[in-house]
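Colleague: So the sequence shown is numbered by numbering that gives the first Met the number 0: it starts at 0 and just counts up by one.
Cβ atoms here follow ideal geometry from the backbone N, Cα and C, with glycine treated the same way.
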Amino acid sequence: MRRRQFFSKTLAAAAGLSAGGFLPAAAQSTASAAPAVPEGPVTLYFEFRVADPEHEAAMAALTDCASAWRQAPGFLSLMLKQMSGDSTMVKNYPEAYKGVLAEAYLDGVRDHSQPYFYSLFVRFADYAQLQASQINEEFDRTVLPFLHAVKQTPTGFAKSTQLMSVYRGVLQTIAAGNRAGIYTTAAEMADFLRHPVEAPESNTLTVENHVMVADAGHIEWEKLVLPLLKVAQETHQPSDDPNGVGQPGSKSNRLYRKALSTEILRNALPDGDLRAYLMHGVWESVWDHENSHLDPRFQAAAGPVGAGVEIGPVEPFYLTRLLVKA
0 MRRRQFFSKT
10 LAAAAGLSAG
20 GFLPAAAQST
30 ASAAPAVPEG
40 PVTLYFEFRV
50 ADPEHEAAMA
60 ALTDCASAWR
70 QAPGFLSLML
80 KQMSGDSTMV
90 KNYPEAYKGV
100 LAEAYLDGVR
110 DHSQPYFYSL
120 FVRFADYAQL
130 QASQINEEFD
140 RTVLPFLHAV
150 KQTPTGFAKS
160 TQLMSVYRGV
170 LQTIAAGNRA
180 GIYTTAAEMA
190 DFLRHPVEAP
200 ESNTLTVENH
210 VMVADAGHIE
220 WEKLVLPLLK
230 VAQETHQPSD
240 DPNGVGQPGS
250 KSNRLYRKAL
260 STEILRNALP
270 DGDLRAYLMH
280 GVWESVWDHE
290 NSHLDPRFQA
300 AAGPVGAGVE
310 IGPVEPFYLT
320 RLLVKA
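(1) Taking the alpha-carbon positions, what's the Val-323 to Ala-179 distance?
(2) Quick one: what's got a C-beta closer than 7 Å to Trp-68's C-beta in the same chain, skipping five residues either side?
(3) With a 10 Å radius around its C-beta and 16 neighbouring C-beta atoms as the bar for buried, classify Glu-314 as buried or exposed.
(4) Can you find the residues in the same chain that come closer than 6 Å, C-beta to C-beta, to Trp-220, ignoring five residues on each side of it along the sequence?
(5) With a floor of 3 residues, list each beta strand (DSSP E) that falls wholly inside the stretch 184-249, ordered by position along the chain.
(6) What span of residues does the beta strand (DSSP E) with Gly-180 cover, start to end?
(7) Who are the near neighbours of Ala-165 in its chain, counting only those whose CB is closer than 6 Å to its CB and skipping five residues on each side?
(8) Judging by CA-CA distance, which residue of Gly-280, Phe-123, Asp-110 is the nearest neighbour of Asp-190?
(9) Can you name, in chain order, every residue of its own chain whose Cβ lies under 8 Å from the Cβ of Ala-57, other than the five neighbours on each side?
(10) Apart from the five residues on each side of it in sequence, which residues of its chain come closer than 7 Å, Cβ to Cβ, to His-235?
(11) Which residues in the same chain as Ser-83 place their Cβ atom closer than 7 Å to its Cβ, once the five residues preceding and following it in sequence are excluded?
(12) Assess, as a yes-or-no matter, whether the stretch 37-46 is touched by the stretch 166-178 under the definition of 3 or more beta carbon pairs within less than 8 Å.
(13) With a CB to CB cut of under 6 Å and the five nearest residues on each side skipped, what residues in its chain are close to Pro-72?
(14) Measure the CB-CB distance between Gly-79 and Leu-321 and report whether it falls below 8 Å.
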């Protein structure tokens with residue numbers, strides 16, 4: 000399954016938002032099929048592509064929208080992240096492949112062989128306030144017009160009538176952590192989402208690990224994921240580092256610093272008999288993240304989690320391009 004197909008299935012097919020509301024078409028058709036309202040802090044999550052000739056205008060429109068959305072009741076934060084590469088260590092490839100795709104998507108943009116790929120996180124304290132904000136509708140009015148494919152003509156580029164797909168869904172944060180602690184209550188997680196660590200000027204690396212598990216057992220599976228989050232957040236190499244954080248990783252070593260933050264997000268709606276999850280981490284470098292996958296402590300914690308995964312993992316890298324706080 001190609002990665003864009005995977006994203007489409009996990010983050011759009013069942014959890015996609017129509018222009019008219021927060022339910023997919025099948026759920027909107029009958030009141031009895033309406034899912035339970037998500038509890039706790041939520042994220043309106045988008046994935047979209049932008050052709051190079053439309054990029055400047057799309058980013059200007061989105062930046063203007065973000066300034067307005069910041070004023071909405073319940074708004075916690077917003078992050079726009081550009082896909083930059085792919086993790087190889089998450090696939091358990093030989094160590095010689097470490098980091099070889101770290102900037103693959105940046106190279107694609109530079110070579111004009113690929114469009115820009117973006118993820119957008121819009122965080123709210125609860126679902127009701129997110130729904131009242133009408134951000135989804137404003138995105139369609141303001142940003143969507145710049146997300147058309149383009150084609151080469153004898154006189155230059157021309158906008159196609161074809162709109163490139165936009166994937167979106169409502170995600171629930173079920174656990175999170177940073178170098179100060181692990182958070183599982185609604186109040187703790189709302190505070191975590193209100194204080195993101197990935198400022199663009201910090202040049203941090205984001206990883207987004209996409210997986211799908213059986214919906215019938217997803218709550219039991221989450222009990223395995225929470226210990227993995229703790230290991231991912233708290234381990235480092237060398238393990239006896241006197242500062243308790245670790246040392247910078249590189250291609251030629253297995254050292255790594257603790258993650259700056261970690262988060263588990265659950266898709267609020269099932270996709271047929273599957274449920275999508277997003278493991279969202281922020282690191283100081285590609286090498287810190289890739290080396291963390293080589294740590295036996297991480298591998299031991301990840302084994303039981305991976306056994307329950309039906310589709311995935313797919314783990315792209317991202318660079319933060321816009322951060323807006325409440």
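Modeller: So, to answer that:
(1) 22 Å
(2) Phe-74, Leu-77, Val-121, Ser-132, Ile-134
(3) buried
(4) Val-212, Gly-307
(5) 204-213
(6) DSSP places Gly-180 inside the beta strand (DSSP E), whose first and last residues are 180-182.
(7) The sequence given here has Val at residue 165, not Ala. Phe-47.
(8) Of the candidates Gly-280, Phe-123, Asp-110, the residue whose Cα lies closest to the Cα of Asp-190 is Phe-123.
(9) Same-chain partners within the cutoff: Val-49, Val-142, Phe-145, Leu-146.
(10) Val-244, Gly-245, Tyr-255, Arg-256, Lys-257
(11) Glu-102, Tyr-104, Leu-105, Phe-316, Tyr-317, Leu-318
(12) yes
(13) Gln-128
(14) Residue identity check: residue 79 is Leu in the sequence provided, not Gly. It is a contact, given that the beta carbons lie within the stated cut-off.
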